[in-house]
Ligand code: GDP
Ligand code: IMO
Ligand code: MG
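Numbering (this note's numbering), first residue to last: 9 to 438.
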């Protein structure tokens with residue numbers, strides 16, 4: 009049963025891309041199961057830093073086939089640009105190396121315009137989306153009004169007609185609101201060009217993966233976003249519109265649960281969030297600046313997709329414990345442990361106090377979560393630069409204790425941590 013599901017355990021940007029890149033070295037297929045180009049997955053290979061949005065992080069390995077699952081929403085024009093940018097960097101992107109599900113949904117220019125309009129209308133209560141049209145595209149999917157990637161295999165006229173009709177339907181609502189309507193024909197033109205490029209890549213992914221699994225191939229399911237952004241299990245409505253949790257991998261790829269061998273959670277050694285919504289351990293001040301970085305390094309906490317500064321705070325084991333329970337992690341990996349070096353002491357949120365009561369798991373409503381006061385445990389920090397460590401015994405005792413305490417508080421094994429963005433900057437328990 010050679011399938012690993014990799015899930016972000018927090019609010020996204022946990023370092024999933026770099027972990028997938030590591031696991032892909034011993035995999036045949038990397039299959040992304042949710043989200044669209046709201047994601048930004050960074051993989052650093054020496055001088056080159058790759059930022060992947062729709063294409064799975066496995067693409068950087070010559071012998072790996074990358075798969076985009078039906079659970080994704082695809083922006084065909086941006087996908088063609090991303091393919092081109094990879095080719096410019098010397099990465100082969102061919103139908104032998106990339107497979108796109110025929111059942112994924114297409115993000116249209118109308119979805120993007122609607123995302124902008126909805127956020128503007130929400131004003132101060134906005135979700136803080138990436139403005140990539142993600143919510144409106146999933147809304148059309150579940151409302152059974154979407155256009156699918158497989159529709160690009162139709163007769164060109166038929167595909168164009170569907171697209172123009174979808175944009176014109178949205179236009180009538182824009183006009184009612186006094187907003188500028190879109191030029192449906194011009195938009196359709198760029199989508200038709202993209203469809204021409206993408207047609208050879210489109211397949212039934214569910215069958216492709218089933219046959220690969222039957223043939224004994226090893227598959228890494230690459231999550232996007234994170235557990236706390238899940239439309240069902242996150243802090244609704246400050247979530248994305250897909251299912252980044254482990255269950256989403258099965259529906260988002262069309263595979264059965266008996267193939268799953270392990271569920272690997274990826275969490276940053278502290279908390280970050282980009283966009284709106286409650287974040288109980290959020291900090292202002294020096295520690296927050298230490299965690300975020302100045303922006304001088306590519307790994308500093310500024311959005312990979314939008315460039316927005318990420319909100320930073322102490323690690324929240326109430327949320328992590330919840331992520332362990334929602335996903336059933338067999339193992340958790342901690343990233344960016346190196347960033348904690350130099351802080352005199354470290355705090356871990358171990359419970360919330362809400363209206364006088366203690367909670368070990370997040371409360372039922374977002375309103376209660378907004379009132380949560382974290383209860384902290386304080387641990388000693390370490391001053392050493394740990395970016396050169398490769399074995400657990402090489403880490404300073406305070407760093408080992410920090411990792412052990414997180415594992416104990418969340419009741420999950422932690423066998424690997426990362427101490428820098430590069431492929432080899434990993435510490436594993438042997
Ligand atoms: P993803 O969306 O989960 O793939 O994560 P992002 O790529 O959006 O953000 C994670 C950032 O942290 C990227 O810039 C990575 O290069 C960087 N990163 C990952 N692991 C480490 C680590 O262990 N140490 C440091 N310093 N940076 C890391
Ligand atoms: P990766 O895969 C961090 C957040 C947005 C916003 C909310 C809804 O790189 O971890 P959307 O555009 O999806 O409708 O926005 O979700 N968000 C992410 N935050 N990492 C991501 O992806 C995210 N994708 C969406 O900031 O709060
Ligand atoms: Mg990211």
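A virtual CB, placed ideally from N, CA and C, is assigned to each residue, including glycine.
Just so we're clear, the structure is a prediction, and the values are computed from it rather than from any experiment.
| query | Going by DSSP, what residues sit across from residue 205 in a beta bridge? | reply | Your numbering for residue 205 matches position 197 in the chain shown. Secondary-structure assignment with DSSP links residue 205 through no beta bridge to anything.
| message | Can you tell me where the alpha helix (DSSP H) holding residue 275 begins and where it ends? | response | Taking the chain shown and counting its residues from 1, the one referred to as residue 275 is at position 267. Counted as a single uninterrupted DSSP element, the stretch harbouring residue 275 is not any alpha helix (DSSP H) but the beta strand (DSSP E) occupying residues 268–276.
| field | residue 75 versus 345, 230, 422, residue with shortest Cα-Cα distance | value | The sequence position of residue 75 within the chain shown is 67, counting from 1. With distances taken between Cα atoms, residue 75 lies closest to 230.
| message | Once DSSP output is grouped into helix, strand and coil, what is the label at residue 437? | response | Taking the chain shown and counting its residues from 1, the one referred to as residue 437 is at position 429. The three-state secondary structure of residue 437, taken from DSSP, is coil.
| query | Would DSSP call residue 399 helix, strand or coil? | reply | For this step, residue 399 is matched to residue 391 along the chain shown. In the structure shown, residue 399 falls within a strand segment according to DSSP collapsed to helix, strand and coil.
| For residue 313, the three-state DSSP class (helix, strand or coil) | Position 305 of the chain shown, counted from the start, is the residue given in the question as residue 313. Coil, per DSSP.
| message | Short of 6 Å in beta carbon distance, which residues of its chain neighbour residue 430, apart from the five on each side in sequence? Order them along the chain. | response | In the chain shown, counting from the first residue as 1, residue 430 sits at position 422. So the qualifying residues of the chain are 52.
| field | By C-beta, the residues closer than 5 Å to any heavy atom of the ligand MG, given in chain order | value | The filter returns 21, 48, 312, in chain order.
| Cα-Cα, which of 34, 46, 57, 418 is closest to residue 275? | Taking the first residue of the chain shown as 1, we reach residue 275 at position 267. Closest by alpha carbon: 418.
| Do you know offhand how far residue 348's Cα is from residue 354's? | Counted from its first residue, the chain shown places residue 348 at position 340. Counted from its first residue, the chain shown places residue 354 at position 346. Looking at the two C-alpha atoms, the distance is approximately 8 Å.
| Stretch pair the region 285–293 + the region 371–388: three plus CB contacts closer than 8 Å | Taking 8 Å as the limit for Cβ pairs, the verdict is that the region 371–388 does touch the region 285–293.
| Same chain, Cβ closer than 8 Å to residue 193, five either side skipped, listed in chain order | Counting from 1 along the chain shown, the entry for residue 193 is found at position 185. For residue 193, where only same-chain residues beyond five positions count, the Cβ hits under 8 Å are 172.
| Same chain, Cβ closer than 6 Å to residue 368, five either side skipped, listed in chain order | The count along the chain shown starts at 1 and reaches residue 368 at position 360. Result list for residue 368: 359, in chain order.
| beta-carbon residue 19 near the ligand GDP non-hydrogen atom, thresh 7 Å | Residue mapping note: residue 19 aligns to position 11 of the chain shown, counting from 1. No, the ligand GDP has no heavy atom inside 7 Å of this Cβ.
| Cβ neighbours of residue 327 in the same chain (closer than 7 Å, five flanking residues each side left out) | Against the chain shown, residue 327 aligns to sequence position 319. Contacts found: 18, 236, 370.
| query | Which ranges does the beta strand (DSSP E) cover as unbroken runs of at least 3 residues, wholly within the region 154–234, from first to last along the chain? | reply | DSSP runs (the beta strand (DSSP E)) wholly in the region 154–234: 227–230.
| field | the region 255–275 in contact with the region 53–63 per 3-pair CB rule at 8 Å | value | Result no; under three Cβ-Cβ pairs closer than 8 Å.
| field | Cβ pair count under 8 Å reaching 3, the region 297–314 against the region 218–226 | value | Judged by Cβ distances under 8 Å, the region 297–314 makes no contact with the region 218–226, as fewer than three pairs qualify.
| CA nearest to the CA of residue 78, picked from 259, 65, 61 | As a working mapping, residue 78 is identified with position 70 in the chain shown. Looking at the Cα atoms, 259 is the closest of the given residues.
| request: State the Cα-Cα distance for the pair residue 408 and residue 196, rounded to the nearest angstrom. | output: For the purposes of this step, residue 408 is taken as the residue at position 400 of the chain shown. For the purposes of this step, residue 196 is taken as the residue at position 188 of the chain shown. If I take the Cα positions, the gap works out to 55 Å.
| query | Name the DSSP bridge partner or partners of residue 292? | reply | Within the chain shown, the letter at position 284 stands for residue 292. BP columns for residue 292 are empty, so no partner.
| Proximity of residue 391 and residue 350 at Cβ, strictly below 8 Å | Within the chain shown, the letter at position 383 stands for residue 391. Within the chain shown, the letter at position 342 stands for residue 350. Going by C-beta atoms, residue 391 is nearer than 8 Å to residue 350.
| message | Let's test the definition: count the other Cβ atoms within 10 Å of the Cβ of residue 253 and tell me whether it reaches 16, buried, or not, exposed. | response | On the chain shown, residue 253 is found 245 positions in, with the first residue counted as 1. That one is buried.
| field | First through last residue of the beta strand (DSSP E) which encompasses residue 80 | value | Numbered from its first residue, the chain shown carries residue 80 at position 72. That residue, residue 80, is in no beta strand (DSSP E); it is neither H nor E in DSSP.
| When burial is assigned at 16 or more other CB atoms within 10 Å of the CB, is residue 375 buried or exposed? | Residue numbering aside, residue 375 sits at position 367 when the chain shown is read from its first letter. Exposed, since its Cβ has fewer than 16 Cβ neighbours within 10 Å.
| request: Please name the residue in 10, 180, 65 whose C-alpha comes closest to that of residue 118. | output: Within the chain shown, the letter at position 110 stands for residue 118. With distances taken between CA atoms, residue 118 lies nearest to 180 out of 10, 180, 65.
| task | Could you tell me if the beta carbon of residue 46 falls within a distance shorter than 7 Å of some heavy atom in the ligand IMO? | result | Reading the chain shown from its first residue, position 38 is the one you call residue 46. Flag set: Cβ of residue 46 near the ligand IMO.
| From residue 233 to residue 16, what distance separates their C-alpha atoms? | Your numbering for residue 233 matches position 225 in the chain shown. Your numbering for residue 16 matches position 8 in the chain shown. The alpha-carbon atoms of residue 233 and residue 16 are separated by roughly 6 Å.
| What are the boundary residues of the beta strand (DSSP E) that residue 341 is part of? | Taking the chain shown and counting its residues from 1, the one referred to as residue 341 is at position 333. If you look at residue 341, you'll find it in the beta strand (DSSP E) that goes 339–343.
| query | For residue 251, does the three-state DSSP call read helix, strand or coil? | reply | Reading the chain shown from its first residue, position 243 is the one you call residue 251. For residue 251, the secondary structure class from DSSP, reduced to helix, strand or coil, is coil.
| Is it true that the CB of residue 227 sits closer than 8 Å to the CB of residue 39? | Indexing the chain shown from 1 puts residue 39 at position 31. Indexing the chain shown from 1 puts residue 227 at position 219. When the beta-carbon positions are compared, residue 39 and residue 227 come within less than 8 Å of each other.
| query | Can you give the Cα-Cα distance for residue 413 and residue 257, rounded to whole angstroms? | reply | Within the chain shown, the letter at position 405 stands for residue 413. Within the chain shown, the letter at position 249 stands for residue 257. In a straight line, the C-alpha of residue 413 is about 29 Å away from that of residue 257.
| query | Among 198, 148, 338, 98, which residue has its Cα nearest to the Cα of residue 70? | reply | Counting from one through the chain shown, the residue named residue 70 turns up at place 62. Among 198, 148, 338, 98, the Cα nearest to that of residue 70 is on 98.
| said: Looking at the secondary structure, which residues open and close the beta strand (DSSP E) in which residue 40 lies? | reply: Along the chain shown, one-based indexing puts residue 40 at 32. If you look at residue 40, you'll find it in the beta strand (DSSP E) that goes 37–40.
| Secondary structure at residue 59, three-state DSSP: helix, strand or coil? | Residue 59 sits at position 51 when you count from the first residue of the chain shown. If DSSP states are grouped into helix, strand and coil, residue 59 belongs with the strands.
| query | Leaving out the 5 sequence neighbours to the left and right, which residues in its chain are closer than 7 Å to residue 199 when beta-carbon positions are compared? | reply | Translated into the one-based positions of the chain shown, residue 199 becomes position 191. If the five residues before and after residue 199 are omitted, its C-beta is found closer than 7 Å to the C-beta atoms of 84, 85, 171, all from its own chain and listed in chain order.
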